[in-house]
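Asks: All the letters of the sequence shown, read from the start, carry residue numbers -27 to -1, 1 to 189 under mature numbering (1 follows the signal peptide of the UniProt record, and there is no 0). Glycine is no exception: its CB is placed at the ideal position from the N, C-alpha and C atoms. Here's a structure for you.
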Amino acid sequence: MVIYRMMKFDKLLLGVLLLLFAVPMSAQQPDAKNILERTAEAFRKAGGVKLAFTVNEQQGSYAGVLYLEGEKFVVETEGMKTWFDGHTQWSYVASADEVNVSEPTQEELQTLNPYAWLSLYKQGYRLKLSSVGGKQDKSVYYITMTAADKRKDPESVYLFVTKDTYRLHQVDLAPRGSKYMTTILIDSYQTGQSYPDSFFVFDKKAYPTAEVIDMR
């Protein structure tokens, strides 16, 4: 159950990544779509990125680190590590000493990357620039996304974007049919990182006893 939950989050954390091309922005107060586009553009210009994050959900909390460069990423959480080189994904589960190899769909990738949620409105979600708790927070933009299709999951996504840097600060997910929210907090954000291509590929030599299960 723990492995399934962590793998589900790994899918849930890297879907904020197929980002948009920037468009001219209003010189006045931006709307929700413009804020997402600015945030996506700031991410694209950041080069290699390293994020430390904390996930709070019904079953408890756990922390992790996410390394990103373009469409490639590595996610590390307690007992699990996932690599994605833009095509193939390797997920290593320490407790089982096994690595699952797959070619994830775009929807599956979206669950792995907080930045992938920026383009969710293209998939049938309504956008709204809101206030937090009825009050306008001067430091962040608060954007709500609500599924137009009653069958879509999550039902709602809430994004907190810093006004000065256009970086994601927090993502709240409201699963359909559940009264519990999952919150992803981005604790630190480092840009300008440099990673070799091999960094995003599973190295069998580093895990000599691991069983490789090819699910492609």
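Per DSSP, what kind of secondary structure is K123 in: helix, strand or coil?
Replies: In the structure shown, the three-state DSSP call for K123 is coil.
Asks: Shortest alpha-carbon distance to Y114 belongs to which of Y88, S129 and L141?
Replies: Looking at the Cα atoms, L141 is the closest of the given residues.
Asks: Excluding five sequence neighbours on each side, which residues of the same chain lie with their C-beta closer than 6 Å to the C-beta of F(-7)?
Replies: With a pLDDT of 26 at F(-7), under the threshold of 50, the modelled position of that residue is not reliable, and the figure given next carries that caveat. Answer for F(-7): no residue qualifies.
Asks: Residues in its own chain within less than 6 Å of F16 by CB, not counting five upstream and five downstream?
Replies: Y88
Asks: In terms of residue numbering, what span does the alpha helix (DSSP H) encompassing A15 cover?
Replies: A5 to K18
Asks: Are the CB atoms of D187 and V74 nearer to each other than 8 Å?
Replies: yes
Asks: Is the number of C-beta pairs between the segment 34 to 45 and the segment 6 to 26 that are closer than 8 Å three or more?
Replies: yes
Asks: Between the segment 39 to 52 and the segment 165 to 174, do at least 3 Cβ pairs fall closer than 8 Å?
Replies: yes
Asks: With DSSP as the reference, label L(-11) as helix, strand or coil.
Replies: Because L(-11) carries a pLDDT of 31, less than 50, the predicted location of this residue cannot be relied on, and no value is offered for it.
Asks: Does the separation of the CB atoms of M118 and L93 fall below 8 Å?
Replies: yes
Asks: Just mark Y98 as buried or exposed, buried being the case when its beta carbon has 16 or more other beta carbons within 10 Å.
Replies: buried
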